[in-house]
Amino acid sequence: MLNLKYIFCFLFLLLTSNCSGGSNKSVSGKEFEDSEKQSQTDSIRWGNPDGRLGYLNNDNYKDSVVLEIGYTDETSVSRISVYFGTKDGGYNLFKKYYCEDYWDELGIYISGDTLRCSGYGTTYNFKYKGDDFYLQEYEFIDMCCPKYKLDFNTKKLTFVLDGTLDSLMHDSTYYRSIDIPQDKIPTSYTITDCFKKDFSKYILYDENFLNSKIKEYVEEINEENREGKSTVIDNDTLLLFHEEIKRGEYDSYTLNVSIDRKGLTNKLRQFLEAEMCRMLAEDDKHIYDNIADAYKARKTEWRKEFDFENDPYYQDDYFISRIGSHNNLITFRIGTFHYDQLAGRGTEKERYITYDKNTLEEFTWDMVKKEEGLHKLMVEGLMKYYNANSIEDMWLNEEYKQGKYIPFPKNPPFIINDSLHLLFHRWEITEAWGAGWPSAKIPLNKVLPYLTDEGKRFLNIKE
1 MLNLKYIFCF LFLLLTSNCS GGSNKSVSGK EFEDSEKQSQ TDSIRWGNPD
51 GRLGYLNNDN YKDSVVLEIG YTDETSVSRI SVYFGTKDGG YNLFKKYYCE
101 DYWDELGIYI SGDTLRCSGY GTTYNFKYKG DDFYLQEYEF IDMCCPKYKL
151 DFNTKKLTFV LDGTLDSLMH DSTYYRSIDI PQDKIPTSYT ITDCFKKDFS
201 KYILYDENFL NSKIKEYVEE INEENREGKS TVIDNDTLLL FHEEIKRGEY
251 DSYTLNVSID RKGLTNKLRQ FLEAEMCRML AEDDKHIYDN IADAYKARKT
301 EWRKEFDFEN DPYYQDDYFI SRIGSHNNLI TFRIGTFHYD QLAGRGTEKE
351 RYITYDKNTL EEFTWDMVKK EEGLHKLMVE GLMKYYNANS IEDMWLNEEY
401 KQGKYIPFPK NPPFIINDSL HLLFHRWEIT EAWGAGWPSA KIPLNKVLPY
451 LTDEGKRFLN IKE
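Residues 1 to 463 (the working numbering) are what the sequence shown spells out, left to right.
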């Protein structure tokens, strides 16, 4: 494996004025600089510190990590200093780590609660665990060599297989994992330990071993892609049928059927699955008792519809997904999406419906009065959607900009959390694909005057 240790990349950046530290007390940036100057000797010439800020020990006070490269007459030495933030905005030194094998081209960063040492495809991820920083993950993701990741929590070695491998049929990224061999598991993971010279035996792997495993996985992946990949998930939160066929590097054909089952009563679950059976049927003559049969029939038709030789991309989605709930109400996005690249078309059919999950009753326009006051609230909501100050500034058909009355949407109103939503289908009041699905969100307390008696009963609102 290529050793980048001797490639020098200078990391001397000025320390941010509030990146500071001290041994036992909170100190300012100026005091930190003065104390560091005193520690310099004739034999080691420390460069300007490179300070990074973030939150490492989860106490909500901003922390600092500083990387310094020191030079002797013959070589370089490195140290990493970690400072924990204090309530008054200063910093207390937590620990200095002297690293005998820290590469000059590695930078140091804070990402969330993770201290990252990264550069040229190599990354060490450390996290604070009780009394020190410990290595959680190591990554070697270089363009020229076998790519892999090490997770020392799960003790897994993961191969990263992507389009940089000439033997892989297409450029998707795949991950395959094996257990880390026992002799490759270190006994200690602190920052100091990980940057000792002998630590490389735990993170560097023989390329012949890596390449043999990669070859094995690539053959499996290519075979799966040629035959097609089927996925079925059937549990309390999701029902999913997925079929994917790939030919060559770019051709992809997918059929996806999914129902979000989270929070469903048995009655609503059976109701939605019957709805999906009707969606999958080619015509009203086909009636299926269960989704598995309906999906199997749809898959047979789907395989006949696209052209393996000439059609590079073909997609069919059928979905029922939950998008919100309120009390005993639950709202779904129900529809289909089809894209055929050969024909150059994409079609979508969607509707949004709020059900009472116990009675299966739907919220409809019969429960809302289409009066001028509600219309005004809808227009105000549309202006918020487009971040506009007037109707003329919204992305609507020109006739509406010139004063024509904007109709209420064809889709029934629906409820998410404590708001009523009025949503227009694409093209309903717009002329451009990019205008999207305009919608108005109106708080329920403003909608109360416009509810019919049936609507008040549905929402369990008593006078």
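Quick reminder that beta carbons are idealized off the backbone N, C-alpha and C, glycines included.
Fair warning: this is a prediction, and the values are worked out from it, not measured in the lab.
Looking at residue j and residue i, is the spacing between their C-beta atoms short of 7 Å?
i	j	result
Thr254	Gln341	no
Glu273	Ile287	no
Lys384	Tyr450	no
Tyr175	Ser252	no
Thr452	Met378	no
Tyr120	Glu105	yes
Ser167	Val218	yes
Leu514	Asp131	Residue 514 lies beyond the residue range present for the chain, which begins at 1 and ends at 463; the question has no answer from this structure.
Ser230	Glu216	no
Asn358	Asn327	no
Tyr61	Gly90	no
Under the rule that 16 or more other beta-carbon atoms within 10 Å means buried, what is residue i, buried or exposed?
i	result
Ala440	buried
Asp63	buried
Ser43	Model confidence at Ser43 stands at a pLDDT of 42, short of 50, so the residue's coordinates are unreliable; what they give is reported in the following sentence. Exposed, because fewer than 16 other Cβ atoms sit within 10 Å of the Cβ of Ser43.
Phe332	buried
Met143	exposed
Asn417	exposed
Ser177	exposed
Pro409	buried
Asn58	exposed
Lys147	buried
Arg116	buried
Trp427	exposed
Thr430	buried
Phe195	buried
Asn460	exposed
Trp103	buried
Leu238	exposed
Arg298	buried
Asn403	A small fix is needed here, since residue 403 is Gly in this sequence, not Asn. So Gly403 counts as exposed.
Lys246	buried
Leu204	exposed
Tyr352	buried
For residue i, which residues from the same chain have a beta carbon less than 7 Å from its beta carbon, with the 5 sequence-adjacent residues on both sides left out?
i	result
Asn24	The pLDDT assigned to Asn24 is 36, lower than 50, so where the model puts this residue is not dependable, and the model offers no usable value.
Phe241	Val232, Val257, Tyr295
Tyr134	Phe126, Lys127, Tyr189, Thr190
Tyr109	Arg52, Arg116, Ser118
Thr236	Checking the sequence shown, residue 236 turns out to be Asp, not Thr. Hits under 7 Å: Arg261.
Ile141	Gly121, Lys147, Val160
Take residue i and list the residues in its own chain whose beta-carbon comes closer than 6 Å to its own, dropping the five residues that flank it on each side.
i	result
Pro443	Ser419
Lys149	Glu139, Thr158
Ser188	none
Pro438	Leu382, Tyr385, Phe424
Lys467	The requested residue 467 does not occur in the structure, where the chain is confined to residues 1 to 463.
Glu31	Caution is warranted here: a pLDDT of 40 is assigned to Glu31, below 50, making its placement in the model unreliable, and the coordinate value is therefore given only provisionally. Nothing listed; no residue qualifies.
Tyr98	Arg79
Cys9	At Cys9 the pLDDT is 33, less than 50, meaning the model places this residue with poor confidence and gives no usable figure here.
Tyr202	Lys184, Pro186
Given residue i, which residues of its chain have a CB within under 8 Å of its CB, disregarding the five upstream and five downstream residues?
i	result
Glu464	This structure cannot settle anything about residue 464, because the visible part of the chain is limited to 1 through 463.
Lys155	Asp179, Ile180, Ile185
Lys446	Leu377
Could you give the C-beta distance for residue i and residue j, rounded to a whole number, given that I count them as a contact under 8 Å?
i	j	result
Glu361	Tyr355	7 Å
Thr336	Tyr318	5 Å
Lys197	Glu100	6 Å
Ile214	Leu268	No, Ile214 and Leu268 are not in contact; Cβ-Cβ is about 47 Å, not under 8 Å.
### Message
Using 8 Å as the cut-off, can you tell me whether the region 257-269 makes contact with the region 302-312, which would need three or more C-beta pairs spanning the two stretches below that distance?
### Response
Between the region 257-269 and the region 302-312, the count of C-beta pairs closer than 8 Å stays below three; the two stretches do not touch.
### Task
Please confirm if the region 381-398 is in contact with the region 407-415, defined as three or more CB-CB distances below 8 Å between the two stretches.
Counting Cβ pairs under 8 Å, fewer than three are found: no touch.
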